[in-house]
Every structure is written in structure tokens, then in C-alpha cells.
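Participant:
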Ligand code: NAP
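Numbering (my numbering), first residue to last: 49 to 532.
1. Under 7 Å between the Cβ atoms of residue 390 and residue 418?
2. Would you say residue 218 and residue 237 are within 7 Å of each other, going by their C-beta atoms?
3. Using a 10 Å radius around the Cβ and a threshold of 16 neighbouring Cβ atoms, would you call residue 113 buried or exposed?
4. What number of angstroms, rounded off, separates the C-alpha of residue 305 from the C-alpha of residue 52?
5. What did DSSP end up calling residue 259 once you bin it into helix, strand or coil?
6. Could you tell me how far apart the beta carbons of residue 63 and residue 125 are, in whole angstroms, since I believe they sit closer than 8 Å?
7. So residue 122 and residue 196 are in contact, right, with Cβ under 8 Å, and what is the actual spacing, rounded?
8. Starting from residue 312, trace the alpha helix (DSSP H) both ways and give me its first and last residue.
9. When you compare each of 275, 312, 271, 512 to residue 292 by their alpha carbons, which one comes out closest?
10. I need the DSSP call for residue 113, collapsed to helix, strand or coil.
11. Residues in its own chain within less than 6 Å of residue 215 by CB, not counting five upstream and five downstream?
12. For the beta strand (DSSP E) holding residue 517, just list the boundary residues, first then last.
13. Would you mind working out which of 426, 79, 386 sits nearest residue 401, comparing C-alpha positions?
14. Between the beta-carbon of residue 494 and the beta-carbon of residue 347, is there less than 7 Å?
15. Among 415, 483, 313, 109, whose alpha-carbon lies nearest the alpha-carbon of residue 470?
16. Could you check whether the stretch 242–262 touches the stretch 100–115, counting it as contact only if at least three pairs of C-beta atoms, one from each stretch, sit closer than 8 Å?
17. Straight-line CA distance for residue 148 to residue 334?
18. Do you know whose CA, among 356, 290, 413, 379, lies nearest residue 366's CA?
19. List the DSSP bridge partners of residue 305.
20. Rounded to a whole number of angstroms, what is the C-alpha to C-alpha distance between residue 127 and residue 316?
21. Here's the rule I'm using: 16 or more other beta-carbon atoms within 10 Å means buried, otherwise exposed. How should residue 49 be labelled?
22. Can you check whether the CB of residue 462 is closer than 7 Å to the CB of residue 508?
23. Smallest Cα separation from residue 57: which of 187, 88, 159?
24. Using a threshold of 7 Å, state whether the C-beta atoms of residue 457 and residue 483 are closer than that.
25. Can you tell me the Cα-Cα spacing of residue 54 and residue 141, whole angstroms?
26. By the three-class DSSP mapping on this structure, what secondary structure does residue 416 have?
27. Taking only heavy atoms of the ligand NAP into account, decide whether any of them is closer than 6 Å to the Cβ of residue 287.
28. In the DSSP assignment, find the unbroken alpha helix (DSSP H) run with residue 216 in it and report its ends.
29. Count the other CB atoms, across all protein chains shown, that sit within 10 Å of the CB of residue 167; report buried if there are 16 or more and exposed otherwise.
30. For residue 204, which of helix, strand or coil comes out of DSSP?
31. Which residues in the same chain as residue 301 place their Cβ atom closer than 6 Å to its Cβ, once the five residues preceding and following it in sequence are excluded?
32. Starting from residue 444, follow its DSSP beta bridges and name the residues at the other end.
33. What do you reckon, are the CB atoms on residue 331 and residue 342 nearer than 7 Å?
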């Protein structure tokens, strides 16, 4: 399927109660190709009235959906996994077109995203409670787990499929219905997924998908609607904080997957081949537009020069271009604002004394490209050590003592993921225990795994997605005391 055929196949309406419809006021949003700045297609933009209709549909479906047999929900998830896998090229092309990442990375996301459906298809049949005798022997304690109820899911643009399936998979498994709002820059992948879910037999109303450019106006009334039971959000920390405040009135169950500022520690005893390979993955996956992206490279002074030279060689060898083109390994950033922010962060670092080893500038005559960049001698007060870079820029700083390295790594309000490279077992343990992050990658530059609990501490949020923990976010425990 070529680009045009792919775009012609994707539905562009609002998916509510199992049907496609236009926005109630006819509004639409253009979806842009970040590699060219041109419009790819146009999708319906929901109004507050459409948002309410989507929640109406989710509420209407909740009772019957919660009562389905676990095996039925498992089979739907498994069929969806199979069909997404069969249509990997279609989903990958859509993602590359709307988000920009190279096709090979989009295919990687299809595999990763679909895997949440397979994982949770296997978890559905293991939802269980417990049975106990009270300490005084007078009561039997029974617990059961029930679906939380209708969920609102708000997702970002950087992983248009996986950030959705990581929420939709466990919600379907638990027996929750849902309204999904994808990011307005990348609605197409989620609309294609809604179509596929209907095809595999997900009952009408269980999954509703609404894209909108009136985001706040449509979301706030839903968060305030007393029929909603849970809000799950993946996105930036400032928006996450605002949504937590909005959800307080109803004391909603809330999960927050927010920003990161990942340190990447390379100790003197590290295997440098592995460290450079890990650095490429941790930095360049998604052009650096990942919450898990290595944001600060902290390298022991004895290996810093060699690490920087080898890392910069690899960065300089990357091919920047439109993600659909052969051999391209680095696509455009999502929009002009993001590209300009990356440029500003680099300028700030160099104005404070950083040296550019490779890259350092925007590139291309259209689209939002930035060169893969390595900076050394970055001062601790540079803005890019405090803020998420969200671009292909690797700032390197050095340390001499382990304790100092851990202290530097923890010196951030974020706490999503940290990476450490060392061959010493004792150091692995000490460093893993000392890092104040929800996830730690040891000798690997990627931690995302459907079987693992993904999530942060501090201002990176709370709640876990994936693993056996992921389904608990969508279940409530009920205790029943029985007098025998
Ligand atoms: P964002 O600006 O916070 O947007 C995320 C989502 O929130 C989008 O769907 C956006 O809709 C929506 N939103 C914006 N304003 C809203 C409002 N007033 N009410 C309700 N929803 C609102 O973040 P982003 O730029 O898309 O994504 C990048 C951020 O996500 C980074 O900080 C990254 O670290 C984080 N992230 C975290 C994880 C994780 O698992 N921890 C994973 C991926 C990304 P519109 O598109 O309509 O604005």
C-alpha cells in the first residue's frame, strides 16, 4: 500500500458507540506531515457535545461489558494482536506519515504496541481475589476484583499506537469501557485502531475515539462528569498536574505517565561497545522524542573522551530525512515549535561553554529536522540538563566518584527512567538502589517491555502500565465479610 492508499483507507470521523460520525458542528482538523509541513488529510474535530456522546456510549456499554466472560475479552484482544501484526505495514506507514519517525522504528512500535494486547489477553483469565479467615475466626474475608468503570484516556503524539494500546489493552482485559482522545497531531493511528477493534468484534460503545482541537473545552466537562470513574493520561508534566487538579472534584482514579529527564551513567568499568550502542538506542529512538530518552550523559572522567568520540562517530553516521525514504534513520521533529526549542537548548548550552562534537543545527529546507548532536563539557546549569530536550541532542558531562554520579543523576524533579553501564555486580546493585527513578536499565538503552511495569516517581507521575501491575490500574478491590 502506498502513502495515498494508506491515507485513503484510514477513517477520519469520530468513533462513538460503534459508529463513525462527523463532528456535531462539522469542525475538522488538518493532520500535517512533519517532514514537509504539508497537510496529509483532515479529520473530524469533536465538540463538547460529541465528547458527552462518547461518554454516554461508554456508560451505556459498561454493565454488559463488565459481565462478559474473561475468555471472550481475551479472544478479542488476541484477535486484535493478530490483525495489527498482519497489518503492520499499514500501521507503520500511518505513524511515519503523521509523526515522522523512520519506517523501521514505526514497525518496531507496531510490534511493541500490539504486544500489549497479547500480554493482556493472557492476563485476563488471571484476575482473581482471595479468601481468608479473620484472625478471630468469626468471619470469612472474600475479595473480588471488579472493573473500575468508564475510563477517559488522553495520549501524546510521540508513540501514536503504543501509548494507546498500553491503556486500552488492560482496560479491555479488566472489563472497562473507554473514551480515547489521541493527540491532535497524530490522530490517524488511533482512528485506524478503532476500526480494527470493531472488525475483531469489540462490542459497540466499549471503545470510543474522539479527536479534537478544542482539547480543554472537550476534556474538562468529561473529567467533571460524575459517570466517569478513571482518568489515565500520558503527556507532559504541566498538563498532567492540571488534569490531576481537575480530577480532584470527583476523586477519580488517576494514572499519570509524565515527562522524564533520564540520566545515562557510564562507569569506568563499563563495556564501552555496549555503552555506545545503548546510548544510540536511549537517545535516538524516536529522534529523542521519548519520555525515556537519555537526557543527560554522565560519564566517568577516565572514559569520557573515548565514549564521546565513539558516540559522536555513530551520531554523525545517522541519515536524516523523511521517514518513508530508504536508509533514513532520523526523521523530523514533530513541529516547528519543538525544533526551535531544541535549537534554543543547544544555543543555551554552547553559550555556557559546551563544545559541539557533531551536529548542532537545524537542517533541511522544509520540515522540522535537527541534526544528531553531541555536546561535551556541558555545564551543570545548562537548561538542557533541567528540561526534557525531546530531540536528537546528547549532552555529556563527567564525574569522578560513584556517589557524586548518583547525586547528579537524582538532581532533577523527574523520576521516570535512568540507565547505567557497569560490569561490576556490586555497583549495579548500589546504583540501582540509589537511583530515584521508577525504572532502571542496566547495560541496556531501552527498558520498555509489555511484561514490565512502566512508570515513574516524583514529577514523572504515578501508576504503572504493562506487566501484571498494569491491569490493577483498571480494577477495584471489593471485600465481602461473610459470617459462617
Ligand atoms: P502534552 O502537550 O501534555 O499533550 C498530551 C495530551 O494531552 C495530548 O493528547 C493533548 O491534546 C492533551 N492535552 C493538552 N491540553 C489538554 C487539556 N487542557 N486538557 C486535556 N488534555 C490536554 O504532551 P505531548 O507534547 O503530546 O507529549 C510529550 C510529553 O509526553 C513529554 O513530556 C513526554 O515525556 C511525555 N510522555 C510520557 C510518557 C510516559 O509514559 N511517562 C510517554 C510518552 C510521552 P492536544 O494534542 O489536543 O494538545
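C-beta: ideal position from N, C-alpha, C; glycine also.
Facilitator: So, to answer that:
1. Translated into positions along the chain shown, residue 390 becomes position 342. Translated into positions along the chain shown, residue 418 becomes position 370. Yes; because the gap between Cβ atoms is below 7 Å, this pair is in contact.
2. Translated into the one-based positions of the chain shown, residue 218 becomes position 170. Translated into the one-based positions of the chain shown, residue 237 becomes position 189. For residue 218 and residue 237, no; Cβs fall outside 7 Å.
3. The count along the chain shown starts at 1 and reaches residue 113 at position 65. Answer is buried; the Cβ neighbour count reaches 16.
4. The sequence position of residue 305 within the chain shown is 257, counting from 1. The sequence position of residue 52 within the chain shown is 4, counting from 1. Each residue's Cα considered, the two are about 34 Å apart.
5. Position 211 of the chain shown holds residue 259. In this structure, residue 259 counts as coil in the three-state DSSP scheme.
6. Residue mapping note: residue 63 aligns to position 15 of the chain shown, counting from 1. Residue mapping note: residue 125 aligns to position 77 of the chain shown, counting from 1. With a Cβ gap of about 18 Å, residue 63 and residue 125 do not count as contacting.
7. What you label residue 122 is simply residue 74 of the chain shown in a count that begins at 1. What you label residue 196 is simply residue 148 of the chain shown in a count that begins at 1. Contact flag wrong, Cβ pair sits at about 19 Å.
8. Here residue 312 refers to the residue found at position 264 when the chain shown is read from its first residue. Taken as a continuous stretch (DSSP letters only), residue 312 belongs to no alpha helix (DSSP H), being part of the beta strand (DSSP E) at 310–314.
9. Within the chain shown, the letter at position 244 stands for residue 292. Selected option, being the one with the closest Cα: 271.
10. Here residue 113 corresponds to residue number 65 of the chain shown, with the count starting at 1. In the structure shown, residue 113 sits in a helix (DSSP, three-state: H, G or I).
11. Within the chain shown, residue 215 is the residue found at index 167, counting from 1. For residue 215, where only same-chain residues beyond five positions count, the Cβ hits under 6 Å are 201, 280.
12. To locate residue 517, count along the chain shown from 1; it is residue 469. Segment 515–520 is the alpha helix (DSSP H) holding residue 517; no beta strand (DSSP E) there.
13. Position 353 of the chain shown, counting from 1, holds the residue named residue 401. Out of 426, 79, 386, 426 has the C-alpha closest to the C-alpha of residue 401.
14. As a first step, residue 494 is located in the chain shown; it is residue number 446 there, counting from the start. As a first step, residue 347 is located in the chain shown; it is residue number 299 there, counting from the start. Cβ atoms of residue 494 and residue 347: not closer than 7 Å.
15. The residue you call residue 470 lines up with position 422 of the chain shown. The shortest Cα separation from residue 470 among 415, 483, 313, 109 belongs to 313.
16. yes
17. By 1-based counting over the chain shown, the position of residue 148 is 100. By 1-based counting over the chain shown, the position of residue 334 is 286. The straight-line gap from Cα to Cα measures roughly 9 Å.
18. Taking the first residue of the chain shown as position 1, residue 366 is located at position 318. The shortest Cα separation from residue 366 among 356, 290, 413, 379 belongs to 379.
19. For the purposes of this step, residue 305 is taken as the residue at position 257 of the chain shown. Bridge partners of residue 305: 282, 509.
20. Counting from 1 along the chain shown, the entry for residue 127 is found at position 79. Counting from 1 along the chain shown, the entry for residue 316 is found at position 268. Roughly 48 Å between the two C-alpha positions.
21. The residue labelled residue 49 in the question sits at position 1 within the chain shown. With fewer than 16 Cβ atoms within 10 Å of its Cβ, residue 49 is classed as exposed.
22. Position 460 of the chain shown, counting from 1, holds the residue named residue 508. Position 414 of the chain shown, counting from 1, holds the residue named residue 462. In contact: residue 508 and residue 462 (Cβ atoms closer than 7 Å).
23. For the purposes of this step, residue 57 is taken as the residue at position 9 of the chain shown. Closest option to residue 57, Cα to Cα, is 88.
24. Within the chain shown, numbered from 1, the residue matching residue 457 stands at position 409. Within the chain shown, numbered from 1, the residue matching residue 483 stands at position 435. Going by C-beta atoms, residue 457 is nearer than 7 Å to residue 483.
25. Numbered from 1 along the chain shown, position 6 holds the residue referred to as residue 54. Numbered from 1 along the chain shown, position 93 holds the residue referred to as residue 141. Going from the Cα of residue 54 to the Cα of residue 141 covers about 7 Å.
26. By 1-based counting over the chain shown, the position of residue 416 is 368. Note: residue 416 maps to coil in three-state DSSP.
27. To locate residue 287, count along the chain shown from 1; it is residue 239. Residue 287 Cβ: within cutoff of the ligand NAP.
28. The sequence position of residue 216 within the chain shown is 168, counting from 1. Looking at the DSSP string, the run of the alpha helix (DSSP H) that includes residue 216 is 210–222.
29. Within the chain shown, residue 167 is the residue found at index 119, counting from 1. When all chains shown are included, residue 167 counts as buried.
30. Here residue 204 refers to the residue found at position 156 of the chain shown. Residue state, collapsed to three classes: coil.
31. Residue 301 sits at position 253 when you count from the first residue of the chain shown. For residue 301, where only same-chain residues beyond five positions count, the Cβ hits under 6 Å are 196, 278.
32. Numbered from 1 along the chain shown, position 396 holds the residue referred to as residue 444. 345.
33. Locating residue 331 in the chain shown gives position 283, counting from the first residue. Locating residue 342 in the chain shown gives position 294, counting from the first residue. Yes, these two residues count as a Cβ contact at 7 Å.
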